[in-house]
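A.B. asks: Residue numbers (the working numbering): 46 to 155. Every residue, glycine too, gets a C-beta built ideally from N, C-alpha and C. Here the structure is a predicted model, which is why all the values come from computation and not from measurement.
(1) Which residue marks the beginning of the alpha helix (DSSP H) containing residue 115, and which one marks its end?
(2) For the pair the region 78-93 and the region 142-151, tell me if three or more CB-CB distances fall below 8 Å.
(3) Determine, using beta carbons only, whether residue 95 and residue 132 come nearer to each other than 9 Å.
(4) Where do the N-terminal and C-terminal ends of the alpha helix (DSSP H) with residue 107 fall, by residue?
(5) Where residue 108 and residue 78 are concerned, what is the direct C-alpha to C-alpha distance, given to the nearest angstrom?
(6) How about residue 73 and residue 128: are their beta carbons less than 9 Å apart?
(7) Return yes when the Cβ of residue 97 is within less than 9 Å of the Cβ of residue 82, no when it is not.
(8) Quick one: grab the DSSP three-state call for residue 56.
(9) Going by beta carbon distance, what residues of the same chain come within less than 8 Å of residue 104, once the five residues before and after it are set aside?
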């Protein structure tokens, strides 16, 4: 069992996914689009992703979106998120290594 610090509570699967998506969108916007802060388009994509996660029918049993049998994103948002993930995914290991490993592990378990 992993060691937990005092007062630290375990994050739900949805909260972990939100944190991962937020990190990936931030990497994309900063390094691909050269923005210091999230632009309006990336903010809208992030808000959309959060709403989709909040309404995920799998809840805390949710796996990764790529392997999900139900694609709840609209086609244009799905394509934009794919673009973000393609760019940010390989870079996550440098910026957020633990988050990247957790995400890969979750995808492998599916």
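C.D. replies: The relevant details are as follows:
(1) Careful: residue 115 lies outside any alpha helix (DSSP H) and carries neither H nor E.
(2) no
(3) Remark: C-beta atoms of residue 95 and residue 132 do not approach each other more closely than 9 Å.
(4) Premise fails: residue 107 is in no alpha helix (DSSP H) and is neither H nor E.
(5) The straight-line gap from Cα to Cα measures roughly 29 Å.
(6) yes
(7) no
(8) coil
(9) Cβ within range, chain order: 58, 59.
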